[in-house]
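**Q**
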Amino acid sequence: KKDGYDTFMLKEIHEQPHVIAETLRGRIHQQHIVLDELKDIDFSKFNKVYFVACGTAYHASLCGAHVLKKVAHLPVLSEVASEFRYNDPLIDEKTLAIFVSQSGETADTLAALRLAKEKKATTLAVANVLGSTISRDADYVLYTCAGPEIAVASTKAYTTQLVLLILLAYYIAQNLNQDVHDDVIKQLQLIPQYVDNILKDEPVFAQYAHMLKDMHDAYFIGRNLDYASVLEGALKLKEVSYVHADAYVAGELKHGPIALIEDGSVVIAVATQPHIAQKTISNIQETIARGARVILLTTHHEEVKNVQNTYYLPDVEPTLQAILVAIPLQLIAYYTACLKGCDVDKPRNLAKSVTVE
Ligand code: M6R
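As numbered in full-length UniProt numbering, residues 244 to 600 make up the sequence shown, in order.
#1: Buried or exposed for Glu258, please, with buried defined as at least 16 other CB atoms from any protein chain shown within 10 angstroms of its CB.
#2: With respect to the alpha helix (DSSP H) encompassing Arg379, which residues constitute its N-terminal and C-terminal limits?
#3: Please report the residue range of the beta strand (DSSP E) in which Ile511 lies.
#4: Is the separation between the beta-carbon of Leu353 and that of Ile377 shorter than 8 Å?
#5: Tell me whether Ser344 counts as near the ligand M6R, meaning its Cβ is closer than 7 Å to at least one heavy atom of that ligand.
#6: Does the count of Cβ pairs from the segment 272-286 and the segment 433-451 closer than 8 Å reach three?
#7: Since Tyr293 is in the beta strand (DSSP E), which residue starts that stretch and which ends it?
#8: Taking buried to mean at least 16 other C-beta atoms within 10 Å of its own C-beta, is Asn371 buried or exposed?
#9: Would Leu311 and Ile441 qualify as a contact pair, given that the criterion is a beta-carbon distance under 8 Å?
#10: Give a yes or no on whether the C-beta atoms belonging to Tyr413 and Val314 are separated by under 8 Å.
#11: Grouping DSSP H, G and I as helix and E and B as strand, with all else coil, what is Tyr462?
#12: Taking the beta carbon of Gly247 as the centre, do at least 16 other beta carbons fall within 10 Å, making it buried, or is it exposed?
#13: Looking only at DSSP bridge pairs, what is Phe342 linked to?
#14: What separation, rounded to the nearest whole angstrom, lies between the Cα atoms of Lys429 and Phe448?
#15: Check whether the segment 565-581 and the segment 474-493 are in contact - that is, three or more C-beta pairs closer than 8 Å.
#16: Three or more beta-carbon pairs under 8 Å between the segment 502-521 and the segment 388-396, yes or no?
#17: Comparing C-alpha positions only, which one of Ser325, Leu385, Arg536, Arg328 sits nearest to Met458?
#18: Considering only residues of the segment 394-449, which uninterrupted beta strand (DSSP E) runs meet the minimum length of 3 residues and lie entirely inside it, listed in chain order?
#19: Looking at C-beta atoms only, is the number of pairs between the segment 497-508 and the segment 590-598 that lie closer than 8 Å three or more?
#20: Compare the beta carbon distance of Lys399 and Glu265 with 8 Å and say whether it is the shorter of the two.
#21: What are the partner residues of His275, as DSSP defines its beta bridges?
#22: With a 10 Å radius around its C-beta and 16 neighbouring C-beta atoms as the bar for buried, classify Ser346 as buried or exposed.
#23: Please state whether DSSP places Glu255 in a helix, a strand or coil.
#24: Below 7 Å, is the gap between the Cβ of Cys388 and the nearest heavy atom of the ligand M6R?
#25: Comparing C-alpha positions only, which one of Ile538, Gly374, Pro517, Thr365 sits nearest to Gly476?
#26: Restricting to Cα atoms, I'd like to know which of Thr515, Glu495, Thr402 is closest to Glu529.
#27: For Asn418 and Lys456, I'd like the C-alpha separation in whole angstroms.
#28: Look at the Cβ atom of Thr250, then the Cβ atom of Val473, and state whether they are nearer than 8 Å.
#29: Below 8 Å on the Cβ atoms is my contact criterion, and I expect Val295 with Leu339 to pass it. Report the Cβ-Cβ distance as a whole number of Å.
#30: Go through the UniProt domain "SIS" (451-590) residue by residue and report every complete run of the alpha helix (DSSP H) that reaches 4 residues or more, in order.
#31: Give me, in chain order, the residues of the same chain whose beta-carbon lies closer than 7 Å to that of Lys360; leave out the 5 immediate sequence neighbours on both sides.
#32: Taking the alpha helix (DSSP H) that residue 615 belongs to, which residues open and close that run?
#33: Could you tell me if the beta carbon of Ser397 falls within a distance shorter than 7 Å of some heavy atom in the ligand M6R?
#34: Which residues mark the beginning and the end of the beta strand (DSSP E) in which Ser321 is found?
#35: Could you tell me which of Val492, Tyr554, Lys479, Leu408 sits nearest to Leu431, measuring between CA atoms?
#36: Which stretch, first to last residue, makes up the beta strand (DSSP E) that contains Leu333?
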């Protein structure tokens, strides 16, 4: 069942090149994104897009929302499903509401979908399980092709959600006659290969885990799209290894959290967005000055002073980086949990599908 892997989580991490390729399959044709499932939607009628989801799916939504805003220039909002209903959402018939859920059975996400339908939004589900409640209830559905995800900690469902939400963002941009560079489409098709190459560096990430295994806390920092990535990195670490982890917008450190940094603290920084990488790197230096040990995942090739653990990600289009950086973050969490002897596939107190509110 585990194909020779010790755990489902590791097996599912390694399935990512394949399932990402499956999710892309048939959806790019002659440098165009083709999402036939959505062909009768007139995207010009929307004045707003809501993304609603829980947990890891919410983090994928944050990335999707970021990319959609950037490439289609539409106002976007992302909310956690358990908050959405009680936050007086601004929904009407000019709203596209996107619900992201691996299982398609998460109670809060389903309740949020019902509310959006009552308020006459056009609803779109991004689901992994065929025939799940969400896919039956939404007006439209796009399936990720992750296959069954057994480990409680989501890995391949997350990266395939990212792929699909990025495809969707560029598809909407195309439909609204925004410029979509051929280069982005070419690089999207190369993502499975890039992911495969990063997986070959597994021993590097296993080594980083030694820095975390005896820690009570870990600090993740990033800006822009990288902030969504570090939120997911921190969630993965805490759920499988029980190391308390928080993610911060790097620029917010000096507004409070830096008070926590002391000799030996571990900071995991993600800096993949060229226009802002240098700013995150300055924030790293501020933590190093207070004794932090840093793991830096970046595309920024200039030497970064005093950072011993730098991993260079392939220099692809910035909107695609969340997919690539997910792999080191998953493996760091995985190996930290293994070093601590945790039950990686079944973390305490968690269920694979949260069907109660
Ligand atoms: O099935 P869903 O995508 O709706 O699940 C949402 C969350 O419960 C889920 O992503 C959870 O956060 C994972 N355990 C994270 O690894």
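Cβ coordinates follow ideal geometry from the N, Cα and C atoms, glycine included.
These numbers were taken from a predicted model, which means no experiment stands behind them.
**A** Reading it off the structure:
#1: The residue you call residue 258 lines up with position 15 of the sequence shown. Glu258 is buried by the Cβ-count criterion.
#2: Residue numbering aside, residue 379 sits at position 136 when the sequence shown is read from its first letter. Unbroken alpha helix (DSSP H) run through Arg379: 376-380.
#3: Along the sequence shown, read from residue 1 onward, the residue named residue 511 stands at position 268. Run containing Ile511: 509-514, per the beta strand (DSSP E) assignment.
#4: The residue you call residue 353 lines up with position 110 of the sequence shown. The residue you call residue 377 lines up with position 134 of the sequence shown. Yes. Within cutoff.
#5: As a first step, residue 344 is located in the sequence shown; it is residue number 101 there, counting from the start. For the ligand M6R, at least one heavy atom lies less than 7 Å from the Cβ of Ser344.
#6: no
#7: Taking the first residue of the sequence shown as position 1, residue 293 is located at position 50. That run of the beta strand (DSSP E) goes 291-296.
#8: Counting from 1 along the sequence shown, the entry for residue 371 is found at position 128. Buried is the call here.
#9: Stepping through the sequence shown from its first residue, residue 311 is reached at position 68. Stepping through the sequence shown from its first residue, residue 441 is reached at position 198. The answer is no: Cβ separation not under 8 Å.
#10: As a working note, residue 413 is residue 170 in the sequence shown. As a working note, residue 314 is residue 71 in the sequence shown. Cβ distance < 8 Å, so Tyr413 and Val314 count as in contact.
#11: The residue labelled residue 462 in the question sits at position 219 within the sequence shown. Of the three classes helix, strand and coil, the one that applies to Tyr462 here is strand, per DSSP.
#12: In the sequence shown, residue 247 corresponds to position 4, counting from 1. Exposed: under 16 other Cβ atoms inside 10 Å.
#13: Residue numbering aside, residue 342 sits at position 99 when the sequence shown is read from its first letter. The partner list for Phe342 (beta bridge, DSSP) reads Val295, Ala368.
#14: Mapped onto the sequence shown, residue 429 falls at position 186. Mapped onto the sequence shown, residue 448 falls at position 205. C-alpha separation (whole angstroms): 28 Å.
#15: yes
#16: no
#17: Position 215 of the sequence shown, counting from 1, holds the residue named residue 458. Comparing Cα positions, the closest option is Arg536.
#18: none
#19: no
#20: In the sequence shown, residue 399 corresponds to position 156, counting from 1. In the sequence shown, residue 265 corresponds to position 22, counting from 1. Their beta carbons are not under 8 Å apart, which means Lys399 does not touch Glu265 by this criterion.
#21: Counting from one through the sequence shown, the residue named residue 275 turns up at place 32. Looking at the DSSP assignment, His275 forms a beta bridge with His272.
#22: Counting from one through the sequence shown, the residue named residue 346 turns up at place 103. By the neighbour-count rule (16 or more Cβ atoms within 10 Å), Ser346 is buried.
#23: In the sequence shown, counting from the first residue as 1, residue 255 sits at position 12. Helix at Glu255.
#24: What you label residue 388 is simply residue 145 of the sequence shown in a count that begins at 1. Cys388 Cβ: outside cutoff for every heavy atom of the ligand M6R.
#25: As a working note, residue 476 is residue 233 in the sequence shown. It is Ile538 whose Cα lies nearest to the Cα of Gly476.
#26: Looking up residue 529 in the sequence shown gives position 286. The shortest C-alpha separation from Glu529 is found at Glu495.
#27: Along the sequence shown, read from residue 1 onward, the residue named residue 418 stands at position 175. Along the sequence shown, read from residue 1 onward, the residue named residue 456 stands at position 213. Roughly 48 Å separates the two Cα atoms.
#28: Taking the first residue of the sequence shown as 1, we reach residue 250 at position 7. Taking the first residue of the sequence shown as 1, we reach residue 473 at position 230. No, they are not a contact pair.
#29: Taking the first residue of the sequence shown as 1, we reach residue 295 at position 52. Taking the first residue of the sequence shown as 1, we reach residue 339 at position 96. About 11 Å; that fails the 8 Å criterion.
#30: 468-484, 517-531, 564-582
#31: The residue you call residue 360 lines up with position 117 of the sequence shown. Cβ neighbours of Lys360 beyond the five flanking positions: Thr366.
#32: What the structure shows of the chain is the stretch from 244 to 600, and residue 615 is not part of that stretch, so it cannot be assessed.
#33: Position 154 of the sequence shown holds residue 397. It does: the Cβ of Ser397 is within 7 Å (strictly closer) of some heavy atom of the ligand M6R.
#34: Numbered from 1 along the sequence shown, position 78 holds the residue referred to as residue 321. 319-323 is the extent of the beta strand (DSSP E) around Ser321.
#35: On the sequence shown, residue 431 is found 188 positions in, with the first residue counted as 1. Nearest of Val492, Tyr554, Lys479, Leu408 to Leu431, Cα basis: Leu408.
#36: In the sequence shown, the residue the question calls residue 333 occupies position 90. Looking at the DSSP string, Leu333 is not in any beta strand (DSSP E), and its letter there is neither H nor E.
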